[in-house]
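Enquirer:
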Amino acid sequence: MRIVTLFILLMVPLYAFWFSTDQTKETEIKPPLLNIGFEETMALSYLNTLREKAGMSVYYHNDALKLAAKRHAKYLVANRELGHYETETKEYFSGRTPKKRAYTAGYQVGLITENVSVNAKNYEDSIDALFAAIYHRFGFLDFQSDEIGIGIYQDPKNTSFNAYVYDMGIYELNDLCSQESYAGVDRYVYKVCKDPSLHIEESLFQKALMLRKSLSQKVILYPYHQQTNVPTAFYKEAPDPLPDYDVSGFPVSIQFNDYFYTHVRLRSFELYNQKGESVKGKILTAQNDPNQRFQKGQFAFFPYARLNYGEKYTAVVTYRADGKNGKKSWTFQTRPLQKPYFVINRTPSTIKIKPYTRYQIYFVPENPQDVLADLHFPADVHVKFLDQNTISLELLSNNRDPFTLKGDKPLLNITVTK
Numbered sequence: 107m108r109i110v111t112l113f114i115l116l117m118v119p120l121y122a123f124w125f126s127t128d129q130t131k132e133t134e135i136k137p138p139l140l141n142i143g144f145e146e147t148m149a150l151s152y153l154n155t156l157r158e159k160a161g162m163s164v165y166y167h168n169d170a171l172k173l174a175a176k177r178h179a180k181y182l183v184a185n186r187e188l189g190h191y192e193t194e195t196k197e198y199f200s201g202r203t204p205k206k207r208a209y210t211a212g213y214q215v216g217l218i219t220e221n222v223s224v225n226a227k228n229y230e231d232s233i234d235a236l237f238a239a240i241y242h243r244f245g246f247l248d249f250q251s252d253e254i255g256i257g258i259y260q261d262p263k264n265t266s267f268n269a270y271v272y273d274m275g276i277y278e279l280n281d282l283c284s285q286e287s288y289a290g291v292d293r294y295v296y297k298v299c300k301d302p303s304l305h306i307e308e309s310l311f312q313k314a315l316m317l318r319k320s321l322s323q324k325v326i327l328y329p330y331h332q333q334t335n336v337p338t339a340f341y342k343e344a345p346d347p348l349p350d351y352d353v354s355g356f357p358v359s360i361q362f363n364d365y366f367y368t369h370v371r372l373r374s375f376e377l378y379n380q381k382g383e384s385v386k387g388k389i390l391t392a393q394n395d396p397n398q399r400f401q402k403g404q405f406a407f408f409p410y411a412r413l414n415y416g417e418k419y420t421a422v423v424t425y426r427a428d429g430k431n432g433k434k435s436w437t438f439q440t441r442p443l444q445k446p447y448f449v450i451n452r453t454p455s456t457i458k459i460k461p462y463t464r465y466q467i468y469f470v471p472e473n474p475q476d477v478l479a480d481l482h483f484p485a486d487v488h489v490k491f492l493d494q495n496t497i498s499l500e501l502l503s504n505n506r507d508p509f510t511l512k513g514d515k516p517l518l519n520i521t522v523t524k
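If you're matching positions, the sequence shown starts at 107 in our numbering and goes up one per residue.
1. Please state the DSSP three-state secondary structure of V449.
2. Leaving out five residues before and five after Y181 in sequence, what residues of the same chain have Cβ atoms less than 6 Å from its Cβ?
3. Look at the alpha carbon of T130 and the alpha carbon of L372, and state the distance between them as a whole number of angstroms.
4. Which residues mark the beginning and the end of the alpha helix (DSSP H) in which D261 is found?
5. Considering only DSSP beta bridges, list what I142 is partnered with.
6. Helix, strand or coil: how does DSSP classify R426 here?
7. Alpha carbon to alpha carbon, how far is C299 from T219?
8. In whole angstroms, what separates the C-alpha of L171 from that of E194?
9. T441 to Y419, Cα distance in whole Å?
10. How is F400 classed by DSSP in three states: helix, strand or coil?
11. Tell me, to the nearest whole angstrom, how far the beta carbon of P409 is from that of G355; I am working on the premise that it is less than 8 Å.
12. Just to confirm, is the Cβ distance from A175 to V271 under 7 Å?
13. Is there a C-beta anywhere in chain D that falls below 7 Å from the one on Y415?
14. Does the Cβ-Cβ distance between A406 and S359 come in under 7 Å?
15. Helix or strand or just coil, what does DSSP make of Q439?
16. Classify P454 as helix, strand or coil using the three-state DSSP reduction.
17. Look at the alpha carbon of T391 and the alpha carbon of P484, and state the distance between them as a whole number of angstroms.
18. Would H369 be called buried (16 or more neighbouring beta carbons within 10 Å of its own) or exposed?
19. Would you mind reading off the limits of the beta strand (DSSP E) that contains E278?
20. S320: which of A427, Y367, A421 sits nearest, CA to CA?
21. Looking at the structure shown, is Y241 part of a helix, part of a strand, or coil, going by DSSP?
22. Using CA atoms only, rank isn't needed, just tell me which of A269, Y277, F311 is closest to Y288.
23. Closest to V224 by CA distance: which of G201, K206, D261, S200 is it?
24. Beta-carbon separation of H190 and N221 under 7 Å?
25. The beta strand (DSSP E) that contains Q312, what's its start and end?
26. In this structure, how does DSSP classify R411 when only helix, strand and coil are distinguished?
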């Protein structure tokens, strides 16, 4: 019996996800070629849908930001890298930082926010993973950014490698940096444009920063109220807000728009499952964020354990804002497992399957470091990682022999029925 080994390599978001197989060099399963134009169009549409439903203004496309993002995506794939920085001596270098790459592409202002995802299955997987990573989520839910360039690149010779790059900017500031330098007597700012000596009247600069904030709601919740198909897990991020956990629950966040609020103090942040039981977790704020990335008015609840598939959750936040007490309560639904499925609470376990039937199998983490790594199984079985604790499995023959799915230890003893 030939045995297949399936490897999963998860690098931290920015975000990365890929797998490959090795059947002693006989077969290698690779993802299909992406339709890049479709992926870029749908990524913008999907991202704007999430922003709108969360109560924010949408992003508009910008050609210069797209060019900068596209160049960085090609650099990342060509050099098998993950991150926001480039090395000048490497292939397809276009600028060390997001700001420098935007300048090279023709953008005039240096206030750039960048999110990067590598080796995602598609645009939805890329964006969902970035929303699971709290610092990158807040990048997408930034109050002042209003235009974006999305660049996607896939290695045509090895389709396992791709990169999704999202560069966000501010239209009003880019427009001010494209005009003549302010020569009046009022206060001005400088060193914010491609030309560092260009002066912008301070009142116009502040107006540009605040315009988009005024078009968003006062409080932004994520997952947003009554959102469905919410992922259940958070793995890792660079930098990592929960460094002691390789796997935990999908974080829940609340942001207060500083166009409307000056002083906000969080009083409580609770999460309840559909039975009304309190979910244990950690609250992150600007005061206790280990990486000091949270801004004033940003708060998140990190469940210690993965959320359950197909379950309704209720978040409740109490706070005091500008001298007034407030409360927010909202619900969301996690994505379900697709039938037929198995939930494995301990390993090794035994299950029965039928040939030519695709099963989803969820291995409930036994501890914060319990994630799947290399899997070994017969060659006539197709296995695909859905995340680091969940797989799909299908027997692609009429073979009735029992077999074992193994990682670094036996995970499942599988018998085959008619």
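Each residue gets a CB set at the ideal place from its N, CA and C atoms; glycine is no exception.
Expert: With the given structure in hand:
1. For the purposes of this step, residue 449 is taken as the residue at position 343 of the sequence shown. Of the three classes helix, strand and coil, the one that applies to V449 here is strand, per DSSP.
2. Residue numbering aside, residue 181 sits at position 75 when the sequence shown is read from its first letter. Cβ neighbours of Y181 beyond the five flanking positions: E192, Y198.
3. Here the question's residue 130 lines up with position 24 in the sequence shown. Here the question's residue 372 lines up with position 266 in the sequence shown. In this prediction, T130 has a pLDDT of 33, which is less than 50 and means its spatial position is unreliable; nothing more can be read from the coordinates.
4. Taking the first residue of the sequence shown as position 1, residue 261 is located at position 155. Taken as a continuous stretch (DSSP letters only), D261 belongs to no alpha helix (DSSP H), as it is neither H nor E.
5. Residue numbering aside, residue 142 sits at position 36 when the sequence shown is read from its first letter. None, per the DSSP bridge assignment.
6. Sequence index remark: in the sequence shown, residue 426 carries index 320 (1-based). Secondary structure of R426 (DSSP, three-state): strand.
7. Along the sequence shown, one-based indexing puts residue 299 at 193. Along the sequence shown, one-based indexing puts residue 219 at 113. Looking at the two C-alpha atoms, the distance is approximately 15 Å.
8. The sequence position of residue 171 within the sequence shown is 65, counting from 1. The sequence position of residue 194 within the sequence shown is 88, counting from 1. Those two C-alpha atoms are separated by around 20 Å.
9. Locating residue 441 in the sequence shown gives position 335, counting from the first residue. Locating residue 419 in the sequence shown gives position 313, counting from the first residue. In the sequence as displayed, the identity of residue 441 is Arg instead of Thr. Between the alpha carbons of R441 and Y419 lies a gap of roughly 12 Å.
10. Translated into positions along the sequence shown, residue 400 becomes position 294. In the structure shown, F400 sits in coil (DSSP, three-state: anything other than H, G, I, E or B).
11. Translated into positions along the sequence shown, residue 409 becomes position 303. Translated into positions along the sequence shown, residue 355 becomes position 249. Their Cβ separation, rounded to whole angstroms, is 3 Å, which keeps P409 and G355 in contact under 8 Å.
12. As a working mapping, residue 175 is identified with position 69 in the sequence shown. As a working mapping, residue 271 is identified with position 165 in the sequence shown. Yes, they are a contact pair.
13. No chain D appears in this structure, which consists of one protein chain only.
14. As a position in the sequence shown, residue 406 is number 300, starting the count at 1. As a position in the sequence shown, residue 359 is number 253, starting the count at 1. The answer is yes: Cβ separation under 7 Å.
15. Residue 439 sits at position 333 when you count from the first residue of the sequence shown. Three-state result, Q439: strand.
16. On the sequence shown, position 348 is the one that residue 454 refers to. Judged by DSSP in its simplified three-state form, P454 adopts coil rather than helix or strand.
17. Residue mapping note: residue 391 aligns to position 285 of the sequence shown, counting from 1. Residue mapping note: residue 484 aligns to position 378 of the sequence shown, counting from 1. The alpha-carbon atoms of T391 and P484 are separated by roughly 48 Å.
18. In the sequence shown, counting from the first residue as 1, residue 369 sits at position 263. Classification of H369: exposed, given that the 10 Å Cβ count is below 16.
19. Counted from its first residue, the sequence shown places residue 278 at position 172. First-last for E278: 277-282, but that is the alpha helix (DSSP H), not the beta strand (DSSP E).
20. Translated into the one-based positions of the sequence shown, residue 320 becomes position 214. Of the candidates A427, Y367, A421, the one whose C-alpha sits nearest the C-alpha of S320 is Y367.
21. What you label residue 241 is simply residue 135 of the sequence shown in a count that begins at 1. Reduced to three states, the DSSP call for Y241 is helix.
22. Here the question's residue 288 lines up with position 182 in the sequence shown. For Y288, the closest of A269, Y277, F311 by C-alpha to C-alpha distance is F311.
23. Looking up residue 224 in the sequence shown gives position 118. Among G201, K206, D261, S200, the Cα nearest to that of V224 belongs to D261.
24. One-based indexing of the sequence shown puts residue 190 at position 84. One-based indexing of the sequence shown puts residue 221 at position 115. Note that the C-beta distance between H190 and N221 is not below 7 Å.
25. As a position in the sequence shown, residue 312 is number 206, starting the count at 1. Note, Q312: premise wrong, no beta strand (DSSP E); alpha helix (DSSP H) at 308-320.
26. Taking the first residue of the sequence shown as position 1, residue 411 is located at position 305. The sequence as given places Ala at residue 411; Arg does not occur at that position. The answer is coil: DSSP assigns A411 none of H, G, I, E or B.
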